[in-house]
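Residue numbers (our numbering), protein chains in the order written: chain H, 1 to 479; chain D, 480 to 697.
Virtual Cβ for every residue (Gly too), placed ideally from N, Cα, C.
Source: prediction; values computed, not measured.
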Amino acid sequence: MNRLTEKQLLILTISVAVVLSGGLGFLIWSDLKTIDEEEGKIEALRTQIAGAEREVALIPQREFRAIANREIAAREVAFLPELSEIEEFWNVLERYASESGVQISEIAPSNAGRRRKKKKTSIRPIPQVMSLRGTADEFLRFINAIENHDRIINVVEYSIKAGEAPDSDGQLRHGIKLALTTFTYSKKIASTIVSIQKYEKKREHARVKQWLSRIKIQEKESYTLRTSLGRRDPFVTVRKRPVRTPVDAGTGEQDRARQERMLQNLVDQLQTLSEGLVFQKELQEREDLWRLQEQIKENRALYRQLAEQIESARQEIRIPELQERLRAEVLEPFEAIKKNMAAIADANPRMSEVQVRAHYDKLAKHFDEGEWDLLEQGVREFLEQSRKGQHVDENAKAMVAQIYELQRKGRVIRDFEKRKVSITTILYSPDGMSVAVINGRQLSQEDALDPQGNIIVAEIGENYVIFETEGVEIKKAQG
Amino acid sequence: MIQINLLPPEYRKAESTPIARFVAIIAGAVLVTSALVAYGYVHYNELRGVREVRGATEAEFTNKKLQADISKSLQTEINAYEARRKAITKVASSRVLQSRKLDELLDVFHNGGDKSAYFVWLKSLSVKPPRASRRGKQTTGGTISFGGFSETIEFSRITNLREAVQKDTFYEDMQGISSPVFKAHFWDDDKLPRSAGKFSFDLTLKPLGWRRSNKKKK
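Pasting the structure below:
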């Protein structure tokens, strides 16, 4: 091999140096580029972190607001039935129809509004149409009972056509078409419900109370009917066939007997009505509100019937002696009864504190024994008798709130029991680090039982677990 | 002069590296070494450092995002409650207590039993809701229509009825009442009375929730 010349060696040396340093320079440049890219990504992440921090800073306020909304939610929707309660709707209508006297001939769901596509909202209307028969007063009491029902039912439209012929009981009833709407809501307020730590403590915070004071609970309006004693049914026609009176102005023996029978009938009915009014007063003094309502209804029906018969008798009784008896034994006492009935009807029977406490004690017993159906029925009866807790003495109103609370807690516990929670194992630790296996999952204190975070494990004892949901604590034994 | 070195090679003086080559080698060595050092610094110090910072920032972001999602879920829940509240308000305020209106109207027809001003009996009564409006607010709260007969064929009785309706508390919820439609009517049967004044009226209700709007204005 020939030796390289000096020049060649020089060139070689320089080339090697340039190649090596050039290669290293490229690597440095590549790394610097990567560093720039990484710094760009870090900057973008920091911007996103700043945005996330702004959201996180709002958590305390949002927690207070969410807590306020959750606390008030049950009261806000108090007059809306849940989906599961819609089946009660028809039972309610039937009950009010029976109490008022109207006869339901047809009920069908309404197609109104189905043609238009409606936006999905949390509240869904459920329309119904009905065909009824009843007097004006019966229909009025029916729709009043519906509108005063503790769950909202709107009377949307109706039409009354005057009846043509009286029914077998002598009452002239009219054909009525009625359209109603009730509303229902879904309990699930959002797809994800966040579990809030230290919920009970935060619930007492001033900000929560501030939010609660800002939220106005919508009240459902109700109406108390006026006294309608002696009020004429305007749909009853006054056109009648004229009464044929004998030529000798009713002095014939047969006609006299008829008039006497008519008069005696009125006297007997007047006696029955007087006794009914005495009994009504007794029931009022005894504060037996349930039977009092029935008696009032009976007395009013008898009063109306008597008023009509007296009107006919005035025209038909022609014998002067019988007319005098009519005045003394029927008309004058009837006027006195009219004033008496007006006075009693205006009086407002109220439940006393003793009565409300008796109801509360009975409901508390059902609650303690877990008799949820009886509890619901008892609360419903109490609300009907006391007109949703309005017709009670002032010093009993606090107990009405306690009855509502019993009902709410009962519903919460009943819903919890439907979940079939099973506690298979408890690893108890006195320092608060206990763990329990519940429905196959290992949970500790403050963990949520359900994905929505509505049911929290509040405490784990040696052989029990206390759950907390919607402000109610439920203790469940192991097993 | 020609110089010949007669010393054996092992005794000869070693030849020194040429200056140019020497300088080239030194410069090349310095350059390569500097480049190596620089590369080592950039790659193992700077780049690694930046990657570690990015990793930490990503972890921080993941954590913050979880909390931010919680915050957004809370706001979604609050919005859902607000929307339900609005819907409930709308349901409650778009309600006419029909039992109250009917109770008031029946009292007007009865007039305390006084037949001197007017005495009527009805053939029909109908209450209809307002038509759903696609744009803007509803202009009425529905209609109440009734028709029947007046005891006599005197038109003044019907105007008396109309006045009584307008003066009663029943009319507070009304926007207007139609002019009376009236006609003398005769029957050809054996019932009494044989003639009466046939009439009908239409009333328009104020838009639903007008009482609430009035309270807000006050």
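K594 of chain D: which of H:R357, H:I104, H:Y96 and H:R232 sits nearest, CA to CA?
H:R232
Quick one: give me the first and last residue of the beta strand (DSSP E) that W372 of chain H is part of.
Taken as a continuous stretch (DSSP letters only), W372 of chain H belongs to no beta strand (DSSP E), being part of the alpha helix (DSSP H) at W372 to Q385.
Check whether the Cβ atoms of K677 of chain D and F628 of chain D lie closer than 9 Å to each other.
Less than 9 Å divides the Cβ of K677 of chain D from the Cβ of F628 of chain D.
Minimum Cβ-Cβ distance from V660 of chain D to chain H less than 9 Å:
no
Tell me, please, whether the CB atom of N348 of chain H is closer than 9 Å to any CB atom in chain D?
Low per-residue confidence applies at N348 of chain H: pLDDT is 49, beneath 50, and the placement is therefore not dependable, though the value from the model is reported in the following sentence. It does not; no Cβ of chain D falls within 9 Å.
Any beta-carbon of chain H closer than 9 Å to the one on Y597 of chain D?
no
In whole angstroms, give me the CA-to-CA distance for Q171 of chain H and L80 of chain H.
Taking the CA atoms as reference points, Q171 of chain H sits about 36 Å from L80 of chain H.
Specify the secondary structure class of N154 of chain H as computed by DSSP and reduced to three states.
strand
Within the 9 Å Cβ cut-off, does F540 of chain D reach chain H?
yes
H391 of chain H lies in the alpha helix (DSSP H); which residues open and close that run?
That residue, H391 of chain H, is in no alpha helix (DSSP H); it is neither H nor E in DSSP.
Below 7 Å CB to CB, which residues in the same chain sit around E63 of chain H once its five sequence neighbours on both sides are set aside?
I196 and K202
Residue span of the alpha helix (DSSP H) that contains W600 of chain D, given as start and end
Counting along the chain, W600 of chain D falls outside any alpha helix (DSSP H), though it belongs to the beta strand (DSSP E) covering V599 to K607.
Three-state class that DSSP yields for S30 of chain H in the structure shown
helix
What residues are listed by DSSP as bridge partners for H519 of chain H?
With chain H covering only 1 through 479, there is no way to say anything about residue 519 of chain H.
Using a 10 Å radius around the Cβ and a threshold of 16 neighbouring Cβ atoms, would you call K220 of chain H buried or exposed?
With 16 or more Cβ atoms within 10 Å of its Cβ, K220 of chain H is classed as buried.
With contact counted as at least three CB pairs below 8 Å, one residue from each stretch, are the segment 32 to 48 of chain H and the segment 526 to 539 of chain D in contact?
yes
Any residues in the segment 514 to 532 of chain D with a beta carbon nearer than 7 Å to a beta carbon of chain H? Which ones, in chain order?
A514, L515, A517, Y518, V521, H522, E525, L526, V529, R530 and V532
Assuming S572 of chain D is part of the alpha helix (DSSP H), what are its boundary residues?
R527 to S572
Against chain B: residues of the segment 3 to 34 of chain H by CB proximity under 7 Å:
Looking at the structure shown, chain B is missing, and the protein chains on hand are H and D.
Any beta-carbon of chain D closer than 9 Å to the one on G101 of chain H?
no
Quick one, are the C-beta atoms of E446 of chain H and A458 of chain H less than 9 Å apart?
By the CB criterion at 9 Å, E446 of chain H and A458 of chain H fall inside the cutoff.
Tell me whether the segment 382 to 402 of chain H and the segment 418 to 432 of chain H touch, counting them as touching only if at least three CB pairs, one residue from each stretch, are closer than 8 Å.
no
Opposing strand residues paired with M653 of chain D [DSSP bridges]:
D:L684
Can you pull the chain H residues whose beta carbon is under 7 Å from the beta carbon of F706 of chain D, in chain order?
Limits of chain D in this structure are 480 at one end and 697 at the other, which puts residue 706 of chain D out of reach.
If you run the structure through DSSP and keep just helix, strand and coil, what is Y223 of chain H?
coil
Quick check: I456 of chain H and I438 of chain H, are their CB atoms within less than 9 Å of each other?
no
Just how far apart, CA to CA, sit T227 of chain H and I189 of chain H?
44 Å
Let me make sure I understand the geometry here. Which of H:E204, H:Q218 and H:R414 has the alpha-carbon closest to that of V570 of chain D?
H:Q218
Applying the 10 Å Cβ sphere with the 16-neighbour rule, what's the burial state of F501 of chain D?
exposed
Short of 9 Å Cβ to Cβ, which residues in the segment 492 to 507 of chain D face chain H?
Hits within the stretch, in order: P497, A499, R500, A503, I504, A506 and G507.
Spatially closest choice to L640 of chain D from D:L585, D:S605 and D:D667, by CA coordinates
D:L585
Spatial neighbours of T5 of chain H in its chain, beta-carbon cut-off 8 Å, leaving aside the 5 residues before and after
Hits under 8 Å: none found.
Would you verify that the beta carbon of F628 of chain D is, or is not, closer than 9 Å to some beta carbon of chain H?
yes
Mind checking K543 of chain D: buried by the 16 CB within 10 Å criterion, or exposed?
buried
Distance check for V421 of chain H and S352 of chain H, CA to CA, integer angstroms please.
41 Å
With 9 Å set as the bound, which would you pick, yes or no: does the beta-carbon of K117 of chain H sit closer than that to a beta-carbon of chain D?
Note that K117 of chain H scores a pLDDT of 49, beneath 50, so its modelled location is shaky and nothing firm can be said.
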